[in-house]
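Have a look at the structure below, then the notes.
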Amino acid sequence: MDTPKNLIKGYIGESLAISRYQIYSSIAENEKYIYVSKFFREVIENEKKHAEIFANFIKKLDVEASEVEIRAPIKFGTTAENLQYAVEGERWEAEEFYPLTAETAEREGFREIAERVKTLASVEEQHRKKFAKLLELVETGKMFKRDEEVEWMCLVCGYTERGQEPPKVCPNCGAMYYHFVSKDILAL
2 MDTPKNLIKG YIGESLAISR YQIYSSIAEN EKYIYVSKFF REVIENEKKH AEIFANFIKK
62 LDVEASEVEI RAPIKFGTTA ENLQYAVEGE RWEAEEFYPL TAETAEREGF REIAERVKTL
122 ASVEEQHRKK FAKLLELVET GKMFKRDEEV EWMCLVCGYT ERGQEPPKVC PNCGAMYYHF
182 VSKDILAL
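Be aware that the sequence shown starts at 2, since it is given in the numbering used here, and climbs by one per residue.
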């Protein structure tokens with residue numbers, strides 16, 4: 002049976018993502034991409050829950066850890082590079098590993114596991130889309146400057162202002178421009 006091995010792979014993969022994303026978050030914060038850092042931390046909380054889901058199935062099936070091959074990039078770079086690594090990892094989970102895991106679980110008679118893994122795949126696809134959009138904004142220099150007016154929100158106090166770029170300093174709380182995010186990004 003491959004389902005028990007896939008559960009362990011899923012648990013280890015999610016655990017590694019948590020660790021990588023913690024480092025990616027710190028790098029983004031150091032590079033003044035405060036919202037990117039915050040989104041990595043948000044995804045960390047999701048991945049913790051995903052790891053817990055796998056752990057609960059492992060316990061339920063009384064699976065013992067065994068040697069399994071893991072595909073998880075252990076790479077660290079700039080915020081743009083880290084976003085690219087995150088996009089690749091989330092895509093692999095959403096489009097390859099989780100669909101195959103669900104198919105295998107279904108075939109082996111683990112319907113509940115199959116359904117849960119399909120749900121996890123859809124969450125990972127949402128992560129991929131937002132990481133891809135953030136990557137696009139970082140690479141094009143549009144994280145803090147746009148061609149058109151957008152609404153910017155201060156992540157510290159919630160102040161909002163329309164413009165092609167956020168204020169250099171929040172007139173409400175004094176936070177620097179890099180503490181702002183465009184509301185269209187929040188809507189993703």
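We put the CB at the ideal spot given by N, CA and C, even for glycine. No experiment lies behind these values; they were computed from the predicted model shown.
Note down the Cα distance separating residue i from residue j, rounded to an integer number of angstroms.
i	j	result
E53	K39	22 Å
T48	Y36	The sequence given here has Glu at residue 48, not Thr. Roughly 18 Å separates the two Cα atoms.
E116	Y160	41 Å
M154	L62	47 Å
T141	Y34	14 Å
V163	I71	What sits at residue 163 in the sequence shown is Arg, not Val. One C-alpha to the other measures close to 46 Å.
S183	Y12	34 Å
K119	E137	27 Å
N31	F111	44 Å
F58	I19	19 Å
L121	I186	22 Å
V157	R42	16 Å
R92	D148	29 Å
Y178	A29	15 Å
K192	Y99	One cannot answer for residue 192 here, as it falls past the ends of the chain, which runs 2 to 189.
E65	K143	48 Å
I75	Q127	22 Å
S27	L17	16 Å
N83	G90	10 Å
S123	E46	16 Å
In the DSSP assignment, what residue or residues form a beta bridge with residue i?
i	result
G110	BP columns for G110 are empty, so no partner.
V64	DSSP output for V64 lists no bridge partner at all.
M177	V170
W153	E162, S183
Count the other C-beta atoms from every protein chain shown that fall within 10 angstroms of the C-beta of residue i, then say buried if there are 16 or more, exposed otherwise.
i	result
Q85	buried
G175	exposed
R129	buried
R21	buried
K146	exposed
K1	Residue coverage of the chain in this structure runs from 2 to 189, which leaves residue 1 outside it and unanswerable.
V170	exposed
I114	buried
F77	exposed
L189	exposed
Look at the Cβ atom of residue i, then the Cβ atom of residue j, and state whether they are nearer than 8 Å.
i	j	result
Q165	E152	no
T80	V139	yes
E97	E125	no
L8	F55	yes
P172	F181	no
E15	H51	yes
Taking only beta-carbon atoms, is residue i less than 8 Å away from chain C?
i	result
K10	As a matter of chain content, chain C is missing from the structure shown, which is built from one protein chain.
Given 8 Å, three or more beta-carbon pairs between the region 104–117 and the region 2–9: With the cut-off at 8 Å, the region 104–117 and the region 2–9 touch.
For the region 19–36 against the region 116–134, are there 3 or more C-beta pairs whose distance is under 8 Å? No, the region 19–36 does not touch the region 116–134.
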